Structure formats: C-alpha cells, structure tokens
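Have a look at the structure below, then the notes.
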Amino acid sequence: EVLREEMADTMYTNCGVFRQGSEMETARDDIAKLRAQFDDGVTVQDKGDTFNTDLTYALEVGSMLEMADVLARCGIERTESRGAHMRLDFPERDDEKWLCHSLATRTSDDAEIKVSTHPVTITTYQPALRSY
5 EVLREEMADT MYTNCGVFRQ GSEMETARDD IAKLRAQFDD GVTVQDKGDT
55 FNTDLTYALE VGSMLEMADV LARCGIERTE SRGAHMRLDF PERDDEKWLC
105 HSLATRTSDD AEIKVSTHPV TITTYQPALR SY
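Residue numbering for the sequence shown follows the working numbering, beginning at 5 and increasing consecutively.
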C-alpha cells in the first residue's frame, strides 16, 4: 500500500495537467525506484484462489507503476503542449513535429520502455486551435 501511495504522490506532484520536463524526469526516476522495490519485495499474503484481493491489489499496483512510467516517458519526449498535456516549458502546440501518436513498447528482453511515434491519419476534423 505504501508503494501505491508514493506512486500517487509523485504522479500528482510531477505529472499533473501542468507539467515541466524536469518534474516528469523526477517522476520517471521515482517510479523506477518504486518499480525496483515492487519487483524485489512485493509478496502476497493470501494464497487462496478465490476472491484473492491481495493478489488483485498487487497486480493492479504493478500495472499502475507500468502506466505511470509510460506516462512520464511519453510526456518527457513530447516537447509541446496539446490537450490535457500542458508543458509549462513548452507552452505552444507544434503540429509540424508532434501531430502524431506517442507509442510505448517494451524491448524484446522486457528490460526497458521504448518511446516512438506514429503519424496521425486525419479524416474528418482538421487540427484547430482550442480556445475556451
């Protein structure tokens, strides 16, 4: 439970809607440490195979750590602001460079996350400036 709370704290502090590269790097590094703790020391007390909420909780925390890592890494790479990704250090949208999907995949040995991009196929709606 402590790992989950620490993950939530670092994500809330460093990867909220308003972000900066240095803060997301802090989150990435914090998440890596939490992931190492999770991999090295998480045990499930309940060994039952029915309604095993301990196992469910552990699996959920592992998945949340994975997604937190992906979110931080993709956010660091995307040097622009777009939608709910508002980088204070890159406040403008950059369609020329970043009109693309961010993809995160594991390397073949499952050792690290690789971030890449894939072009957006525009069908009906052209990109436009949002104003509220």
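Glycine residues also receive a C-beta, built at the ideal position from the N, C-alpha and C atoms.
It should be emphasised that the depicted structure is a prediction, and the values quoted were computed from it without experimental measurement.
Write down the C-beta distance between residue i and residue j rounded to the nearest angstrom, noting that I regard them as a contact closer than 8 Å.
{"i": "Ala76", "j": "Arg32", "result": "4 Å"}
{"i": "Gly20", "j": "Phe42", "result": "The pair is not a contact, with the Cβ atoms about 23 Å apart (cut-off 8 Å)."}
Just to confirm, are residue i and residue j a CB contact at a threshold of 8 Å?
{"i": "His89", "j": "Leu107", "result": "no"}
{"i": "Val119", "j": "Glu81", "result": "yes"}
{"i": "Leu38", "j": "Glu10", "result": "yes"}
Just to confirm my understanding: we take residue i, look at its own chain, exclude 5 residues before and 5 after, and list those with CB closer than 8 Å. What are they?
{"i": "Asn1", "result": "With the chain covering only 5 through 136, there is no way to say anything about residue 1."}
For residue i, collect the residues of the same chain with a Cβ closer than 7 Å to its Cβ; drop the 5 residues on either side in sequence, then sort them by chain order.
{"i": "Phe22", "result": "Met90, Leu92"}
{"i": "Thr111", "result": "Lys118"}
{"i": "His105", "result": "Thr121, His122, Val124"}
{"i": "Ser85", "result": "Arg91, Phe94, Pro95, Glu96, Arg97"}
Taking 7 Å as the cut-off, does the CB of residue i come closer than this to any heavy atom belonging to the ligand ADP?
{"i": "Thr109", "result": "The model on display carries no ligand, and the ligand ADP is accordingly not part of it."}
Whose C-beta lies closer than 6 Å to the C-beta of residue i among residues of the same chain, with five residues either side of it excluded?
{"i": "Asp99", "result": "Pro131"}
**Prompt:** Is the number of C-beta pairs between the stretch 9-17 and the stretch 63-75 that are closer than 8 Å three or more?
**Reply:** With the cut-off at 8 Å, the stretch 9-17 and the stretch 63-75 touch.
**Request:** Entirely within the stretch 75-125 and at least 4 residues each: give me those alpha helix (DSSP H) ranges in chain order.
**Result:** Scanning the stretch 75-125 for uninterrupted alpha helix (DSSP H) segments of 4 residues or longer gives 99-102, listed from N- to C-terminal end.
**Asked** How about the stretch 80-95 and the stretch 42-53: do they share at least three Cβ pairs that are nearer than 8 Å?
**Response** The stretch 80-95 vs the stretch 42-53: no contact.
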